[in-house]
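**Student:** One structure follows; several queries about it will come next.
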């Protein structure tokens, strides 16, 4: 514990987002019960919560109180969960297991999973737009930012690029482009939404002293997020090669079995580790001028490449 | 033409929304091309545009200029198109034809259609949140209203109720409940978003004289919308019984073939016509205190039950 003084704070973020998600999801015993149950199944009880934790950590770095980032954190995780539910459907990856549990369409059925994924996306925007802890000016910017990150120019676009690449020989640039969209966009949005909260409160004179987020700080945080987003993906690829199926919660070696281009397959395992480490170094350098408030962001950068699931 | 002086205005709405949608959809020649092409295919070139036209008509009734309702109109149609793309997938209705054309997954593939439906939903919220013709306070209310109408408490909830009712003997109340969610929620949102635009500009003193939308007017418009939403669905059911496949663009008689409960199957054709007419009468009565600005809304009420497709 003494070597990881931030661990408890991170665990607190995680507990907080579980409670926020539980409260925002529709109750399982209200009609339509099966849809609500599928939505709750897809979101609650598991998941690393990387995007919400990142949003809370970025809020800490910018002096934004956590209650102003609850809605953004929840919306990020709802979008992420929605994409996993749809990804796992027979129309896309046709996966039976996710985080060691039956995927949503296996636990329910394809039709319910399709609707649940849609409804999780809708709920994300509702939660964000209706959040009274932020002024409307912050909320509209967050909705637009999240929608861009999730949509055709972001995550969903990355999934489409991934589809188009099937059976193709990918080079490293093409692989980076897929990941920048598929996972990177939402990770950058997590940090960007905290910056928006800071910027919009800085426009209210009373808060100006506390939350003087400058454009340079926002740009530095975005560089940090772009780096750890890519590092996160490289680590995912490495876990697929080196990880233990029981620990990572999905079948290890699946990428190689599907002849998927990955960082280790293109660079080799050693060089992939080095690339991830280099990205983390660059991410940390971007935070150089931030004070101790950015320690949670620094902690996450380390976690990203040292995690085993 | 002399018997339908509003026809040209309605045609103008339709042309306007086509142009707005075309401009907001991502270009077909930008990456990822196939995703963009599928999104454009699902939205452009056909469709009755009932929800956008209703939003423009409601704007006319409340004195809101059309440019303030463009984003809402587009967002409504994007959500509607998204739901049709997903509805037609094998996981749900598994339909090959929509508006006389191959459905999106038939023209492209299941994976692309799934992602395109998701991306259309995302785009709806992005367009609405980023719309600079409305103050942020109006935009956040519109995003929240649209998300509620589209989500588990609205349209998607209605689809889930519909799924749950398969193979069940439905009574009229259960059927109404499905339609109130499945089609009614988005139609009410179309009118509500114009009311929000009027209310939020009324809070700015300069516009107060022009746009004095009262809570009673908003409630009257909502009653109008609830009535015509249900009438619209009854007419859909009637067209399935009485319509011409070539005109309605989908196979007529499909409901009976699938043993689906409908208004004509529960009430008989004559009584279903009478119920639709009664709803239109009630919708028109709700507009009693509105001036000539509400004539487009009155025109739509008539169109709903006299259309042949």
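Residue numbers (our numbering), protein chains in the order written: chain X, 54 to 362; chain E, 54 to 362. From the three backbone atoms N, C-alpha and C, an ideal C-beta is built for every residue, glycine too.
Would you check if the distance between the CB atom of residue 108 of chain X and the CB atom of residue 126 of chain X is smaller than 9 Å?
**Tutor:** Taking the first chain and counting its residues from 1, the one referred to as residue 108 of chain X is at position 55. Taking the first chain and counting its residues from 1, the one referred to as residue 126 of chain X is at position 73. Their beta carbons are under 9 Å apart, which means residue 108 of chain X touches residue 126 of chain X by this criterion.
**Student:** Buried or exposed for residue 158 of chain E, please, with buried defined as at least 16 other CB atoms from any protein chain shown within 10 angstroms of its CB.
**Tutor:** For the purposes of this step, residue 158 of chain E is taken as the residue at position 105 of the second chain. With 16 or more Cβ atoms within 10 Å of its Cβ, residue 158 of chain E is classed as buried.
**Student:** Pairing CB atoms from the stretch 77–85 of chain X with CB atoms from the stretch 198–216 of chain E, are three or more of them under 8 Å?
**Tutor:** Short answer: they touch.
**Student:** Distance cutoff 9 Å, beta carbons only. Does residue 151 of chain E sit that close to anything in chain X?
**Tutor:** As a working mapping, residue 151 of chain E is identified with position 98 in the second chain. Not an interface residue.
**Student:** Would you give the residue range spanned by the alpha helix (DSSP H) that residue 290 of chain E belongs to?
**Tutor:** In the second chain, counting from the first residue as 1, residue 290 of chain E sits at position 237. 268–295 is the extent of the alpha helix (DSSP H) around residue 290 of chain E.
**Student:** Could you check whether residue 174 of chain E and residue 175 of chain X sit closer than 9 Å to each other, using their CB atoms as the reference points?
**Tutor:** In the first chain, the residue the question calls residue 175 of chain X occupies position 122. In the second chain, the residue the question calls residue 174 of chain E occupies position 121. Yes, the pair counts as a contact, with Cβ atoms nearer than the cut-off.
**Student:** Which term fits residue 100 of chain E, buried or exposed, when burial requires 16 or more other beta carbons within 10 angstroms of its beta carbon?
**Tutor:** Your numbering for residue 100 of chain E matches position 47 in the second chain. Buried, because 16 or more other Cβ atoms sit within 10 Å of the Cβ of residue 100 of chain E.
**Student:** Going by CA-CA distance only, name the one from X/295, X/338 and X/337 that's closest to residue 360 of chain X.
**Tutor:** Locating residue 360 of chain X in the first chain gives position 307, counting from the first residue. The residue with the shortest Cα to Cα distance from residue 360 of chain X is X/295.
**Student:** How would you write the range of the alpha helix (DSSP H) that residue 319 of chain E sits in, first residue to last?
**Tutor:** Residue 319 of chain E sits at position 266 when you count from the first residue of the second chain. Counting along the chain, the alpha helix (DSSP H) containing residue 319 of chain E begins and ends at 316–320.
**Student:** Is any beta-carbon of chain E found at less than 9 Å from that of residue 155 of chain X?
**Tutor:** Residue numbering aside, residue 155 of chain X sits at position 102 when the first chain is read from its first letter. No, no contact with chain E.
**Student:** Excluding five sequence neighbours on each side, which residues of the same chain lie with their C-beta closer than 6 Å to the C-beta of residue 260 of chain E?
**Tutor:** The residue given as residue 260 of chain E occupies position 207 in the second chain. Any reading at residue 260 of chain E must be qualified, since the residue scores a pLDDT of 48, below 50, and its modelled position is unreliable; no value is offered.
**Student:** Between which two residues does the alpha helix (DSSP H) harbouring residue 122 of chain X extend?
**Tutor:** To locate residue 122 of chain X, count along the first chain from 1; it is residue 69. It is not in any alpha helix (DSSP H) - residue 122 of chain X carries neither H nor E in the DSSP assignment.
**Student:** Would residue 326 of chain X pass as an interface residue toward chain E - the criterion being a Cβ-Cβ separation below 9 Å?
**Tutor:** Locating residue 326 of chain X in the first chain gives position 273, where the first residue counts as 1. For residue 326 of chain X, the answer is no, since every Cβ of chain E falls outside 9 Å of its Cβ.
**Student:** What first and last residue would you give for the alpha helix (DSSP H) that runs through residue 147 of chain E?
**Tutor:** By one-based count along the second chain, residue 147 of chain E stands at place 94. Careful: residue 147 of chain E lies outside any alpha helix (DSSP H) and carries neither H nor E.
**Student:** Hey, could you find the ends of the alpha helix (DSSP H) residue 193 of chain X is sitting in?
**Tutor:** Start at 1 with the first residue of the first chain, and residue 193 of chain X comes out as number 140. Here the alpha helix (DSSP H) through residue 193 of chain X covers 189–203.
**Student:** Could you tell me the boundaries of the alpha helix (DSSP H) in which residue 159 of chain X lies?
**Tutor:** Taking the first chain and counting its residues from 1, the one referred to as residue 159 of chain X is at position 106. 157–160 is the span of the alpha helix (DSSP H), which, as asked, contains residue 159 of chain X.
**Student:** For residue 139 of chain E, go through chain X and note every residue whose CB falls closer than 7 Å to its CB, in chain order.
**Tutor:** If you number the second chain from 1, residue 139 of chain E lands on position 86. Within chain X, the residues near residue 139 of chain E are 167 and 171.
**Student:** Cα separation between residue 128 of chain E and residue 68 of chain X?
**Tutor:** On the second chain, position 75 is the one that residue 128 of chain E refers to. On the first chain, position 15 is the one that residue 68 of chain X refers to. Distance between the alpha carbons of residue 128 of chain E and residue 68 of chain X is about 35 Å.
**Student:** Considering only residues of the same chain and omitting the five flanking positions on each side of residue 132 of chain X, which have a CB-CB separation below 7 Å?
**Tutor:** Residue mapping note: residue 132 of chain X aligns to position 79 of the first chain, counting from 1. The answer, listed in chain order, is 174, 177, 199, 203 and 239.
**Student:** Is any beta-carbon of chain X found at less than 9 Å from that of residue 252 of chain E?
**Tutor:** As a first step, residue 252 of chain E must be located in the second chain, where it is residue number 199. No, residue 252 of chain E does not count as interfacial toward chain X.
**Student:** The stretch 84–111 of chain E: which residues have C-beta closer than 8 Å to a C-beta of chain X, in chain order?
**Tutor:** Against chain X - using a Cβ distance shorter than 8 Å - the residues of the stretch 84–111 of chain E are 84, 85, 87, 88, 89 and 92.
**Student:** Buried or exposed: where does residue 289 of chain X fall if 16 or more other Cβ atoms within 10 Å of its Cβ makes it buried?
**Tutor:** For this step, residue 289 of chain X is matched to residue 236 along the first chain. Under this definition residue 289 of chain X is a buried residue.
**Student:** Could you pull out every residue in the same chain whose Cβ sits closer than 7 Å to the Cβ of residue 182 of chain X, ignoring the five residues on either side in sequence?
**Tutor:** Translated into the one-based positions of the first chain, residue 182 of chain X becomes position 129. So the list reads 192 and 196, once near-sequence residues are dropped.
**Student:** Around the Cβ of residue 225 of chain X, are there at least 16 other Cβ atoms within 10 angstroms (buried) or fewer (exposed)?
**Tutor:** Here the question's residue 225 of chain X lines up with position 172 in the first chain. Exposed: under 16 other Cβ atoms inside 10 Å.
**Student:** Do we get a CB-CB distance below 9 Å when we pair residue 193 of chain X with the residues of chain E?
**Tutor:** Position 140 of the first chain, counting from 1, holds the residue named residue 193 of chain X. So yes, residue 193 of chain X belongs to the interface.
**Student:** Starting from the Cα of residue 141 of chain X, find the closest Cα among X/167, X/124 and X/241 and give me that residue.
**Tutor:** On the first chain, position 88 is the one that residue 141 of chain X refers to. For the residues X/167, X/124 and X/241, the minimum Cα distance to residue 141 of chain X belongs to X/167.
**Student:** Within 9 Å of any Cβ in chain X, is that where the Cβ of residue 260 of chain E sits?
**Tutor:** Here residue 260 of chain E refers to the residue found at position 207 of the second chain. Because residue 260 of chain E carries a pLDDT of 48, less than 50, the predicted location of this residue cannot be relied on, and no value is offered for it.
**Student:** If you drop the 5 nearest sequence neighbours on each side, which residues of the same chain put their C-beta closer than 8 Å to that of residue 232 of chain X?
**Tutor:** Locating residue 232 of chain X in the first chain gives position 179, counting from the first residue. Same-chain partners within the cutoff: 211, 282, 283 and 286.
**Student:** Just the Cα atoms here: how many angstroms apart are residue 216 of chain E and residue 104 of chain E?
**Tutor:** Here residue 216 of chain E refers to the residue found at position 163 of the second chain. Here residue 104 of chain E refers to the residue found at position 51 of the second chain. Residue 216 of chain E and residue 104 of chain E: Cα-Cα distance of roughly 24 Å.
**Student:** Out of E/220, E/326 and E/241, which one is the CA nearest neighbour of residue 312 of chain E?
**Tutor:** Taking the second chain and counting its residues from 1, the one referred to as residue 312 of chain E is at position 259. It is E/220.
**Student:** With DSSP as the reference, identify every bridge partner of residue 154 of chain X, one or two as the case may be.
**Tutor:** Within the first chain, numbered from 1, the residue matching residue 154 of chain X stands at position 101. Bridge partners of residue 154 of chain X: X/151.
**Student:** With a threshold of 7 Å on Cβ separation, who are the neighbours of residue 149 of chain X within its own chain once the five nearest residues in sequence on each side are excluded?
**Tutor:** Taking the first chain and counting its residues from 1, one reaches residue 149 of chain X at position 96. Closer than 7 Å at the Cβ level, and outside the excluded window around residue 149 of chain X, lie 155, 156 and 159.
**Student:** Taking a contact to mean a Cβ-Cβ separation below 9 Å, would you say residue 172 of chain X touches residue 145 of chain E in this structure?
**Tutor:** Translated into the one-based positions of the first chain, residue 172 of chain X becomes position 119. Translated into the one-based positions of the second chain, residue 145 of chain E becomes position 92. Against a cut-off of 9 Å, the Cβ pair of residue 145 of chain E and residue 172 of chain X comes out as no contact.
**Student:** How is residue 340 of chain X classed by DSSP in three states: helix, strand or coil?
**Tutor:** As a first step, residue 340 of chain X must be located in the first chain, where it is residue number 287. If DSSP states are grouped into helix, strand and coil, residue 340 of chain X belongs with coil.
**Student:** Which same chain residues end up closer than 7 Å to residue 184 of chain E when comparing Cβ atoms and leaving out the 5 residues on each side of it in sequence?
**Tutor:** One-based indexing of the second chain puts residue 184 of chain E at position 131. Counting only Cβ-Cβ distances below 7 Å, and skipping sequence neighbours, we find 124 and 192.
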